[in-house]
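S.K.: Provided herewith is a single structure, encoded as C-alpha cells, for subsequent inquiry.
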Amino acid sequence: MGFEMSRLVQGFWRLENWGMTKDELLDFTKFCLENGIDTFDHADVYGAYTAEKLFGDAISLEKGIREKMKLVTKCGIKFPSGKFPDLKVKIYDTGKEHIVKSVEDSLKNFCTDYIDLLLIHRPDPFMDADETAEAFVELKKAGKVLNFGVSNFLPIQFDLLQSRLDFELVTNQVEISAMELVNFDNGTLDHCQMKRVAPMAWSPLAGGRIFTEQSERADRMRETMKEISAELGDVAADQLMYAFLLNHPSKIIPVMGSGKKERVVSALKALDIKLSKEQWFKIWVSSKGKKVD
Ligand SMILES: NC(=O)c1ccc[n+]([C@@H]2O[C@H](COP(=O)([O-])OP(=O)(O)OC[C@H]3O[C@@H](n4cnc5c(N)ncnc54)[C@H](OP(=O)(O)O)[C@@H]3O)[C@@H](O)[C@H]2O)c1
1 MGFEMSRLVQ GFWRLENWGM TKDELLDFTK FCLENGIDTF DHADVYGAYT
51 AEKLFGDAIS LEKGIREKMK LVTKCGIKFP SGKFPDLKVK IYDTGKEHIV
101 KSVEDSLKNF CTDYIDLLLI HRPDPFMDAD ETAEAFVELK KAGKVLNFGV
151 SNFLPIQFDL LQSRLDFELV TNQVEISAME LVNFDNGTLD HCQMKRVAPM
201 AWSPLAGGRI FTEQSERADR MRETMKEISA ELGDVAADQL MYAFLLNHPS
251 KIIPVMGSGK KERVVSALKA LDIKLSKEQW FKIWVSSKGK KVD
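Given below as C-alpha cells:
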C-alpha cells in the first residue's frame, strides 16, 4: 500500500503566531486527530527554525500520540540565522550532507525516530539529482524517513528527481486555491494525475485573502460564492474554497493554515460538498475574470 494522508492536512507554518501554550497545542492536535485529520505539515524553516520543536515539545506531553499521526516536514532552505550563523544570503541546499543533517535535527525537534514524509521545500536550481537521491536512499534505509516528495516543483523537476530513485515520490506540495490557479494551467496537476500522485495544496484559502482582499476580483469571487452557497443551502465561503479543491479529479489534499478549532470544524463540512461541474466552473470563471474559450 502507498502512503496515505488524511483528506485534509493541518499545516503549522503560522504556529508561532498562534501564541499557544504546549497544552493548548497538544489539545488542538488531539482535536485534529479525533476528527480524522492525522497528517501534520511542517518545515524545518517554519518559525525561523523553531516551529518543529514547539510541536515536538507539545506532543511529547502525551505518550503514544506520535504513532497516531503522520508527520510531514521539509528541508532545503537555509537563511542567515542562529542556525546558519556564517551564511550571508538565503540559499537552497539539496546536497546530501544538508538533507541528512536537516532530518537529524527534525527528528530531535519532534522527539521521534522517524519522519513519515520528507519534502524538498523548493526547486533548487543547483540541485544534483544523484546526490539528493542518495540522501533519500540513505535516510530510507536507516528507517529515518519513510516516504519522500517535493514541493513547488515543476513536472520536469519532479521527473528528474524521480528518475534517480527506485521508489516513488508520493506528492508535490504546491500552491493551489480558487484564487491561485497557476498549477491547473502549467501542467503540474495534470502531471500528478498522470503519476497518480495526490498533490498537496498549500494556502488553500489563499492565505485568508479570499476574506480580506479589497479588489474587484475578490469582490466578484465572494459574490459568486454567495450565489453557489444559496444553491447548495448556506455553505460558507471557506467550505466552497475547500470544495473547489476536494472535488477536483487529481485528488488534491488541502493543507489548512489556521490554528482555530472552529476553522477546522468548518473545513470538515467541505468533505461532504459535491459541486456540479457548472458550479466548479462558475468559481473558475469568476477567479479568471473571463469565460472559458
Ligand atoms: N510548501 C510550501 O512552500 C508552503 C508555503 C506556504 C504554506 N505551506 C503549508 O500550507 C499551510 C497552509 O497555508 P496557509 O496558512 O497560507 O493556509 P490558508 O488556510 O490558505 O490561510 C490561513 C489564513 O487564513 C485565515 N482564515 C482561515 N479561515 C478564515 C475565515 N473563515 N475567515 C477569515 N480568515 C480565515 C487564517 O486566519 P485565522 O488564524 O484567523 O484562522 C490564516 O491567517 C501552512 O501551514 C504550511 O503547512 C507550504
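The working numbering numbers the first residue of the sequence shown as 1 and each following residue consecutively.
All C-beta atoms, glycine included, are put in the ideal place defined by N, C-alpha and C.
Quick caveat: nothing in here was measured; it's all calculated off a predicted structure.
Given this structure, state the Cα-to-Cα distance separating residue 213 from residue 276, to the nearest angstrom.
M.R.: Using only the alpha carbons, I get a separation of about 27 Å.
S.K.: Closer than 7 Å by C-beta to residue 44: which residues in its own chain qualify, once you throw out the five before and the five after it? Chain order, please.
M.R.: Cβ neighbours of residue 44 beyond the five flanking positions: 52, 73, 74, 75, 102, 105 and 106.
S.K.: Would residue 238 and residue 266 be called neighbours here (beta carbons separated by less than 8 Å)?
M.R.: In this structure, residue 266 lies closer than 8 Å to residue 238 by Cβ.
S.K.: Could you have a look at residue 247 and say whether DSSP puts it in helix, strand or coil?
M.R.: Looking at residue 247 - three-state DSSP - the assignment turns out to be coil, as it is neither helix nor strand.
S.K.: Between residue 58 and ligand 1, is the CB less than 7 Å from at least one heavy atom?
M.R.: Not so, every heavy atom of ligand 1 lies at least 7 Å from the Cβ.
S.K.: Could you compute how far the alpha carbon of residue 217 sits from the alpha carbon of residue 282?
M.R.: Spanning the two alpha carbons is a distance of roughly 13 Å.
S.K.: Going by DSSP in three states, residue 13 sits in which element: helix, strand or coil?
M.R.: Coil.
S.K.: Taking residue 64 as the reference, which of 112, 228 and 173 has the closest Cα?
M.R.: Among 112, 228 and 173, the Cα nearest to that of residue 64 is on 112.
S.K.: Which residues does DSSP list as the beta-bridge partners of residue 123?
M.R.: DSSP lists no partner for residue 123.
S.K.: Please go through the same chain and pick out, in chain order, the residues whose beta-carbon is closer than 7 Å to the beta-carbon of residue 136, but skip the five residues on each side of it.
M.R.: Here the set comprises 148 and 165.
S.K.: Looking at ligand 1, does it come within less than 7 Å of residue 258, judged from the CB to the closest heavy atom?
M.R.: It does: the Cβ of residue 258 is within 7 Å (strictly closer) of some heavy atom of ligand 1.
S.K.: With distance defined between alpha-carbon atoms, name the residue in 290, 157 and 69 nearest to residue 5.
M.R.: Out of 290, 157 and 69, 69 has the C-alpha closest to the C-alpha of residue 5.
S.K.: Quickly, what does DSSP pair residue 254 with across the bridge? List them, please.
M.R.: DSSP, once it has assigned bridges, lists 201 as partnering residue 254.
S.K.: Considering only the alpha carbon of each residue, which of 167, 96 and 30 lies closest to residue 2?
M.R.: Per the Cα distances, 167.
S.K.: Am I right that residue 201 and residue 245 are in contact with their C-beta atoms under 8 Å? What's the rounded C-beta distance?
M.R.: Yes, they are in contact, since the Cβ atoms of residue 201 and residue 245 sit about 5 Å apart, within 8 Å.
S.K.: So, helix, strand or coil for residue 148, using DSSP?
M.R.: Residue state, collapsed to three classes: strand.
S.K.: Residue 249 and residue 193 - do their beta-carbons sit closer together than 8 Å?
M.R.: Yes, Cβ-Cβ distance for residue 193 and residue 249 is below 8 Å.
S.K.: In the DSSP assignment, find the unbroken alpha helix (DSSP H) run with residue 160 in it and report its ends.
M.R.: Segment 155-163, the alpha helix (DSSP H) holding residue 160.
S.K.: Cβ of residue 207 versus every heavy atom of ligand 1: is any distance shorter than 7 Å?
M.R.: Yes, ligand 1 has a heavy atom inside 7 Å of this Cβ.
S.K.: Taking only the alpha-carbon atoms, compute the straight-line gap between residue 99 and residue 128 and give it to the nearest angstrom.
M.R.: If you take the alpha carbons of residue 99 and residue 128, they lie about 12 Å apart.
S.K.: Report the option in 269, 183, 13 and 25 whose CA atom is closest to the CA atom of residue 57.
M.R.: Residue 25 is the option with its Cα nearest to residue 57.
S.K.: Any idea what DSSP makes of residue 28, helix, strand or coil?
M.R.: The answer is helix: DSSP assigns residue 28 an H, G or I state.
S.K.: Could you give the residue range of the beta strand (DSSP E) that holds residue 84?
M.R.: Per DSSP, residue 84 belongs to no beta strand (DSSP E) and is neither H nor E.
S.K.: Looking at the unbroken alpha helix (DSSP H) that takes in residue 212, where does it start and where does it end?
M.R.: Taken as a continuous stretch (DSSP letters only), the alpha helix (DSSP H) holding residue 212 covers 209-212.
S.K.: Tell me whether residue 6 counts as near ligand 1, meaning its Cβ is closer than 7 Å to at least one heavy atom of that ligand.
M.R.: For ligand 1, not one heavy atom lies less than 7 Å from the Cβ of residue 6.
S.K.: What residue from 29, 261 and 46 has the CA that sits closest to residue 39's CA?
M.R.: When only C-alpha atoms are compared, the closest one is 29.
S.K.: Check whether the Cβ of residue 183 sits closer than 7 Å to any heavy atom of ligand 1, and report yes or no.
M.R.: Every heavy atom of ligand 1 is 7 Å or more from the Cβ of residue 183, so no.
S.K.: For residue 295 and residue 81, I'd like the C-alpha separation in whole angstroms.
M.R.: In the structure as shown, the chain starts at 1 and stops at 293, and residue 295 therefore has no counterpart that could be examined.
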